[in-house]
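The structure appears right after this line, and notes come after that.
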Amino acid sequence: MNLELTWRLLKGGGRRGLLGTWLTLGAVAVSTALLLFAVTANFAFEDRGERGAWRNPVPAAQGQRAVAVEGTRLDYVRDRQIVIVDLAALGSSPPVPPGMPRFPAPGEAYFSPALAALAKQLPAAQLAGRFPAMTGVLGEEALVHPEELVAVVGQRPDAPVMTAPRGADDAPVRVADLAGEPSMDSQGYRILALIGSVLMVVPLLVFGGAAARLTVARRDQRLAALRLVGATPGQVVGMTVAEAVIVAFAGVLTGTVAYALALPLLTRIRMSGGPWFAADLWPDPPVLAATVVAVPLLVGLSAVAGLRRVVVSPLGVAKRETPPAMRFLRVLVLLAALAAFPLMGRDTGIAIIVAAIGLAFLSVNLVGPWVVALIGRITARGARGPARLLAGRRLVDDPRSAWRTVSGVALTGFVAGFLALLSPGVLTSDAVPGQLRVLVPEGSSATVAEHARDRLREAGVTATVKQSDDVVAVTVADRDDPATLDRGRTALAGLVPGRTATTGADDDHTGAQLLADIGVGTVVVLSVSFLVAIASAGITAASSILDRRQTYGLLRLAGTPLAVLDRARRAETLIPLTVMGGGSILVGAFCATPFMFGAPNANGLIMLLVCVGLGFAGVLAAGALSRPLLRAVTTDPAPRPD
Amino acid sequence: MNDVLAGLALTKRFGQTVALGGVDIAVRAAEAVAIMGPSGSGKSTLLHCLAGIMKPDDGEVHLLGQRIDAMGERERSALRRTRFGFVFQFGQLLPELPAEENVALPLMLGGVARAQAVRQAREWFGPLGLQGMETRRPGELSGGQAQRVAIARALVTKPAVVFADEPTGALDQSTGHDTMRLLVEATRANGASLIVVTHDPNVAAWCDRTVEVRDGKLLAGGVPA
Ligand SMILES: Nc1ncnc2c1ncn2[C@@H]1O[C@H](COP(=O)(O)OP(=O)(O)O)[C@@H](O)[C@H]1O
Ligand SMILES: [Mg+2]
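Those sequence lines, one after another, are chains A and B.
Under this note's numbering, the residues of the first sequence are numbered 1 to 642, in order.
Under this note's numbering, the residues of the second sequence are numbered 643 to 867, in order.
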């Protein structure tokens with residue numbers, strides 16, 4: 001209908017109108033890129049879990065015809081984990097496993113590319129000697145990540161490795177197909193990814209809303225003028241929404257391109273011991289389509305909400321009254337949400353925990369403006385000089401917009417507080433360095449120990465072999481040399497069918513990996529929150545200047561020093577930032593207490609301090625960046641209402 | 643010479659446009675001067691040059707015998723804050739400050755303690771017909787009331803000269819007249835000179851003298867008779 005007029009408004013907004021448009025576009029682009037990341041991360045973990053599922057065999061159900069026997073065991077080289085899948089065909093037409101041209105015949109071995117490379121690089125006595133000669137290389141569809149070490153070894157169904165007794169969990173089973181199921185570990189990672197996403201998406205939504213209102217802020221005066229000359233509310237809403245949606249759409253496309261460009265970097269984030277396939281982190285078409293549709297839609301809705309005031313009355317924004325006081329109800333909501341936490345523990349269902357964290361997070365966001373208004377009243381009451389007074393009154397006047405400036409960092413404070421308590425310490429291990437242990441069937445430890453001595457002697461590895469009822473322990477002479485250890489491992493491969501000789505560190509590998517991954521995940525989540533926080537601080541700072549350019553300009557004409565305006569503007573950000581940032585850290589930490597294991601560790605606290613420091617620095621920098629804008633806006637010798 | 647403010651041969655160009663083409667103007671103590679002329683004739687430019695908001699390309703501005711057009715921005719800014727008062731068409735009040743704090747702001751900027759500044763500010767409300775409006779915020783005032791608050795703010799620092807650029811341009815005629823009369827009377831009562839841009843010949847009649855501007859030149863009345 002009014003598309004042409006809308007377009008002209010968009011272009012004709014003048015340099016400053018255009019600046020608002022650019023800011024919105026940038027904000028939407030940043031939001032989109034980060035949103036894509038937060039969402040695809042979940043799918044990426046799901047993809048990993050599904051690609052790894054085939055090595056996690058599910059026993060054939062009663063009455064199903066078994067087509068193969070499949071068993072998975074873990075081995076180690078240097079300090080990396082190798083997944084070894086033993087496959088034996090039952091019958092003449094076994095299914096083709098993923099990533100392989102055919103079902104492996106007994107004595108065949110398929111290596112993942114990383115394992116193939118490592119086997120070539122290390123002497124055979126350290127790695128390759130543990131497997132049959134390599135038949136082929138596994139395709140990507142069989143791998144969790146590109147650097148994974150995987151060996152698939154073809155066996156006979158009656159080979160000792162397939163039949164020898166093992167633990168209940170990892171004994172080879174007869175399977176009806178090779179679909180398997182995602183491992184428990186991969187499910188755990190998906191839950192962690194989900195929590196991380198919630199923590200990233202909530203500030204993003206807040207930020208996106210602020211960005212949408214930015215377009216409206218630029219336009220409301222012009223639109224109020226349109227109303228005065230007789231445009232109907234429908235036309236005004238239509239034009240604004242059309243404008244917001246056009247800009248948001250451009251922002252979404254920019255953000256998607258930015259995400260695509262950042263992809264090579266993102267794939268390098270190491271999780272569960274390796275980087276990512278680009279395809280894992282690239283959103284599926286439905287996700288992409290939903291983003292491209294949903295983000296402009298949300299921006300449009302947000303714009304409508306922001307416009308209500310203008311539409312209600314032609315005098316709209318020109319008339320500004322004392323805003324109704326924020327209701328204390330907001331605080332009660334937060335308290336209610338927080339009251340739920342002490343009732344929870346580590347055995348609480350994950351859905352409830354995620355919901356409660358999301359709720360607590362949202363209520364912090366709800367309480368924010370209330371606290372900001374309170375801080376504003378206190379600041380204004382105690383102010384002696386003009387800058388403090390201006391800052392305090394401004395906080396009381398529009399606590400929501402002041403909160404938007406600092407909400408990002410404050411909510412990051414929540415995340416930091418939450419994660420600081422959860423970030424686990426280092427595992428304490430009582431492992432003996434240089435000692436490989438292998439479980440042996442009852443009563444056979446003497447024979448196995450003898451075999452072990454023979455094998456080690458043959459391989460030229462000097463070691464002492466000890467035995468107990470069910471364990472044979474081999475301690476290599478050169479304890480600190482990883483190569484010697486791997487020669488020992490290789491010499492002992494197959495000593496007890498289906499079992500590998502492992503060090504204490506090997507046995508802790510999964511736990512240590514999980515801790516490392518939680519650390520990486522924390523850094524990722526915090527980095528995203530920070531980007532959001534700083535971008536939102538910068539954008540809202542700029543928009544608040546643009547909103548008030550006329551008053552600032554006239555004050556400056558009347559001789560108000562720029563420094564006073566700038567100091568007021570900074571106080572307006574820093575005071576609530578300090579209070580809310582500190583408050584959210586405490587609330588976040590409080591929410592984490594039920595899930596803590598052990599005392600909070602120094603790493604967590606250091607991380608917290610670094611976060612607080614970075615957050616403050618970022619917001620200060622973002623605010624400083626808008627100082628030239630303040631100067632430009634106020635040096636216009638004759639500001640006219642445009 | 644008892645001129646408070648004098649502009650000599652003021653010239654200002656914006657690119658090709660000659661906004662001021664050599665203007666001589668002088669204002670005496672407690673004198674009210676109306677500046678009239680069609681839109682775009684250079685009235686605001688003249689005001690801005692006299693008030694030290696803009697530097698003229700040529701010519702001089704003297705305040706109480708002291709040359710001010712050659713000062714740096716910082717000094718001129720301080721001068722505007724302490725020696726001049728301003729009333730603009732609208733939008734000069736900070737929407738989040740109550741009326742009394744808007745009035746007190748220039749005093750606080752000048753280092754007066756807050757309580758003292760607010761007390762002094764309140765004294766202006768009665769004479770300007772603003773009783774009971776002290777703690778209202780600009781959005782809760784009518785246009786005429788807001789302009790009277792602006793007048794109080796312009797006068798609170800006891801300036802030598804008040805500049806008003808179409809101060810009633812956004813008001814209806816009768817409110818505009820009332821406001822303008824208050825402006826002229828209040829500045830006179832405080833011993834301040836007034837330079838006011840207006841389109842309304844009736845309003846001009848309140849002033850001691852009217853100056854006509856056409857295409858950047860004065861038709862008549864630049865210097866007191
Ligand atoms: N900042 C500016 N940049 C360019 N031209 C200007 C500027 N300010 C005023 N002018 C021009 O100078 C002339 C006088 O303007 P102004 O003093 O604002 O007129 P008045 O106030 O009488 O309406 C006009 O032609 C106007 O377009
Ligand atoms: Mg003008």
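Beta carbons: idealized from backbone N, C-alpha and C, even for Gly.
Worksheet item: So, is the C-beta of Arg723 (chain B) closer than 7 Å to a C-beta in chain A?
Response: As a first step, residue 723 (chain B) must be located in the second sequence, where it is residue number 81. Yes - at least one Cβ of chain A is within 7 Å of the one on Arg723 (chain B).
Practice prompt. Please list the partners that Arg625 (chain B) has in chain A, where partner means a Cβ-to-Cβ separation under 9 Å.
Written response: Outside the displayed span of chain B (643 to 867) sits residue 625 (chain B), for which this structure offers no information.
Worksheet item: Hey, out of B:Lys859, B:Asp645, B:Pro866, whose CA is closest to Gly682 (chain B)'s CA?
Response: In the second sequence, the residue the question calls residue 682 (chain B) occupies position 40. Among B:Lys859, B:Asp645, B:Pro866, the Cα nearest to that of Gly682 (chain B) is on B:Lys859.
Worksheet item: From Phe43 (chain A) to Pro737 (chain B), what does the alpha carbon distance come to, in whole angstroms?
Response: As a position in the first sequence, residue 43 (chain A) is number 43, starting the count at 1. As a position in the second sequence, residue 737 (chain B) is number 95, starting the count at 1. Going by the C-alpha atoms only, they are around 49 Å apart.
Worksheet entry | Under 5 Å, CB to nearest heavy atom of ligand 1: contacting residues | Result (chain order): B:Phe656, B:Thr659, B:Ala661, B:Ser681, B:Gly682, B:Ser683, B:Gly684, B:Lys685, B:Ser686, B:Thr687.
Worksheet entry | Range covered by the alpha helix (DSSP H) that runs through Gln787 (chain B) | For the purposes of this step, residue 787 (chain B) is taken as residue 145 along the second sequence, with counting starting at 1. Residues 785-797.
Worksheet item: With 16 other CB atoms within 10 Å as the buried threshold, where does Cys799 (chain B) fall?
Response: On the second sequence, residue 799 (chain B) is found 157 positions in, with the first residue counted as 1. Rather than Cys, the amino acid found at residue 799 (chain B) in this sequence is Thr. Flag for Thr799 (chain B) reads buried.
Worksheet item: Roughly how many angstroms separate the alpha carbons of His704 (chain B) and Ser302 (chain A), rounded to a whole number?
Response: Position 62 of the second sequence, counted from the start, is the residue given in the question as residue 704 (chain B). Position 302 of the first sequence, counted from the start, is the residue given in the question as residue 302 (chain A). Going by C-alpha positions, His704 (chain B) is about 54 Å away from Ser302 (chain A).
Worksheet item: Would the segment 431-445 of chain A and the segment 604-618 of chain A be scored as touching if the rule is three or more Cβ pairs under 8 Å?
Response: These segments do not touch.
Discussion item. For Asp822 (chain B) and Val845 (chain B), what's the separation of their Cα atoms in angstroms?
Written reply: By 1-based counting over the second sequence, the position of residue 822 (chain B) is 180. By 1-based counting over the second sequence, the position of residue 845 (chain B) is 203. It is worth fixing the name first, because residue 822 (chain B) is Met in this sequence and not Asp. Distance between the alpha carbons of Met822 (chain B) and Val845 (chain B): 7 Å.
Worksheet item: Skipping 5 residues on each side, what residues in its chain have a beta carbon closer than 7 Å to that of Ala571 (chain A)?
Response: Sequence index remark: in the first sequence, residue 571 (chain A) carries index 571 (1-based). The residues are Ala387, Arg388, Ala391.
Worksheet item: Counting Cβ pairs, one atom from each stretch, are 3 or more of them under 8 Å apart for the segment 651-666 of chain B and the segment 618-626 of chain A?
Response: No: fewer than three Cβ pairs fall under 8 Å.
Item to complete: Grab me the residues of Thr829 (chain B)'s own chain with a C-beta within less than 6 Å of its C-beta, minus the 5 sequence neighbours each way, in chain order.
Response: Walking along the second sequence from the start, residue 829 (chain B) turns up at place 187. Hits under 6 Å: Val804, Leu836.
Item to complete: Taking only runs that begin and end inside the segment 156-205 of chain A, name each unbroken alpha helix (DSSP H) of 4 or more residues, in chain order.
Response: At a cut-off of 4 residues, the continuous stretches assigned as alpha helix (DSSP H) that sit fully inside the segment 156-205 of chain A are 160-163.
Discussion item. Under 7 Å, Cβ to Cβ, is there at least one residue of chain B near Thr551 (chain A)?
Written reply: Working through the first sequence from its first residue, we reach residue 551 (chain A) at position 551. In terms of beta-carbon proximity, Thr551 (chain A) lines the interface with chain B, with at least one pair separated by less than 7 Å.
Discussion item. Does Ile606 (chain A) pass the burial test, meaning 16 or more other C-beta atoms within 10 Å, or should it be called exposed?
Written reply: The sequence position of residue 606 (chain A) within the first sequence is 606, counting from 1. Of the other Cβ atoms in all chains shown, fewer than 16 fall within 10 Å of the Cβ of Ile606 (chain A); this residue is therefore exposed.
Worksheet item: Is Ala41 (chain A) closer than 7 Å to Val713 (chain A) when the C-beta atoms are compared?
Response: No statement about residue 713 (chain A) is possible, as the shown extent of chain A runs from 1 to 642 and does not include it.
Discussion item. Distance cutoff 7 Å, beta carbons only. Does Gly682 (chain B) sit that close to anything in chain A?
Written reply: Counting from 1 along the second sequence, the entry for residue 682 (chain B) is found at position 40. Judged by the 7 Å Cβ criterion, Gly682 (chain B) is not in contact with chain A.
Item to complete: Report all residues from its chain with a CB closer than 6 Å to the CB of Pro132 (chain A); omit the five preceding and five following residues, and keep chain order.
Response: Reading the first sequence from its first residue, position 132 is the one you call residue 132 (chain A). Correct list, in chain order: Gly107, Ala109.
Item to complete: State yes or no: is the C-beta of Val471 (chain A) within less than 7 Å of the C-beta of Ala449 (chain A)?
Response: The count along the first sequence starts at 1 and reaches residue 471 (chain A) at position 471. The count along the first sequence starts at 1 and reaches residue 449 (chain A) at position 449. Contact flag unset, no.
Item to complete: Could you check the C-alpha separation between Leu706 (chain B) and Pro561 (chain A) for me, to the nearest Å?
Response: Looking up residue 706 (chain B) in the second sequence gives position 64. Looking up residue 561 (chain A) in the first sequence gives position 561. Each residue's alpha carbon lies about 23 Å from the other.
Worksheet item: List, in order along the chain, the chain A residues whose C-beta lies closer than 7 Å to that of Ala720 (chain B)?
Response: In the second sequence, the residue the question calls residue 720 (chain B) occupies position 78. Going along chain A in sequence order, the residues near Ala720 (chain B) (Cβ under 7 Å) are Gly559.
Discussion item. Tell me the DSSP secondary structure of Ile269 (chain A) in three-state form.
Written reply: Position 269 of the first sequence, counted from the start, is the residue given in the question as residue 269 (chain A). Residue state, collapsed to three classes: coil.
Worksheet entry | Within 7 Å, strictly: CB atoms of Ala431 (chain A) and Thr503 (chain A) | For the purposes of this step, residue 431 (chain A) is taken as the residue at position 431 of the first sequence. For the purposes of this step, residue 503 (chain A) is taken as the residue at position 503 of the first sequence. Contact: yes.
Worksheet item: Using a Cβ-Cβ cut-off of 6 Å (strictly less than) and excluding sequence neighbours within five positions of Gly251 (chain A), which residues of its own chain qualify?
Response: By one-based count along the first sequence, residue 251 (chain A) stands at place 251. The answer, listed in chain order, is Leu25, Val28, Ala29.
Worksheet item: With C-beta atoms as the reference, is Arg457 (chain A) less than 7 Å away from Ala491 (chain A)?
Response: Counted from its first residue, the first sequence places residue 457 (chain A) at position 457. Counted from its first residue, the first sequence places residue 491 (chain A) at position 491. For Arg457 (chain A) and Ala491 (chain A), no; Cβs fall outside 7 Å.
Fill in: C-alpha distance - Gln235 (chain A) paired with Ala244 (chain A), whole-angstrom precision
Start at 1 with the first residue of the first sequence, and residue 235 (chain A) comes out as number 235. Start at 1 with the first residue of the first sequence, and residue 244 (chain A) comes out as number 244. Taking the straight line joining both Cα atoms gives about 14 Å.
Item to complete: Starting from Met696 (chain B), trace the beta strand (DSSP E) both ways and give me its first and last residue.
Response: Start at 1 with the first residue of the second sequence, and residue 696 (chain B) comes out as number 54. Element bounds for Met696 (chain B): n/a, residue is neither H nor E.
Worksheet item: Does the Cβ of Val372 (chain A) have 16 or more other Cβ atoms within 10 Å, making it buried, or fewer, making it exposed?
Response: Taking the first sequence and counting its residues from 1, one reaches residue 372 (chain A) at position 372. Residue environment: Val372 (chain A) is assigned as buried (16 or more neighbouring CB atoms within 10 Å of its CB, all protein chains considered).
Fill in: For Gly71 (chain A), the three-state DSSP class (helix, strand or coil)
The residue you call residue 71 (chain A) lines up with position 71 of the first sequence. Here Gly71 (chain A) sits in strand by DSSP.
Worksheet entry | Inter-residue Cα distance where the pair is Asp47 (chain A) and Ala278 (chain A) | Translated into positions along the first sequence, residue 47 (chain A) becomes position 47. Translated into positions along the first sequence, residue 278 (chain A) becomes position 278. When rounded, the distance between both Cα atoms is 12 Å.
Practice prompt. Could you tell me which chain B residues have their CB closer than 8 Å to the CB of Leu554 (chain A), listed as they occur along the chain?
Written response: In the first sequence, the residue the question calls residue 554 (chain A) occupies position 554. Residues of chain B whose Cβ lies closer than 8 Å to the Cβ of Leu554 (chain A) are, in chain order, Phe728, Phe730, Gly733, Gln734.
Item to complete: Taking only beta-carbon positions, decide if Met822 (chain B) is within less than 7 Å of chain A.
Response: Translated into the one-based positions of the second sequence, residue 822 (chain B) becomes position 180. No, Met822 (chain B) does not count as interfacial toward chain A.
Discussion item. If we define contact as Cβ-Cβ less than 7 Å, is Glu321 (chain A) a contact residue for chain B?
Written reply: Within the first sequence, the letter at position 321 stands for residue 321 (chain A). Confidence at Glu321 (chain A) is low in this model, with a pLDDT of 48, below 50, so its placement is unreliable and no value can be given for it.
Worksheet item: For Thr379 (chain A) versus Ile545 (chain A), is the C-beta distance shorter than 7 Å?
Response: Stepping through the first sequence from its first residue, residue 379 (chain A) is reached at position 379. Stepping through the first sequence from its first residue, residue 545 (chain A) is reached at position 545. The criterion of a C-beta distance shorter than 7 Å is not satisfied by Thr379 (chain A) and Ile545 (chain A).
Fill in: 6 Å Cβ shell around Ile539 (chain A) - same chain, five flanking residues per side excluded
Here residue 539 (chain A) corresponds to residue number 539 of the first sequence, with the count starting at 1. The residues are Leu23, Ala27.
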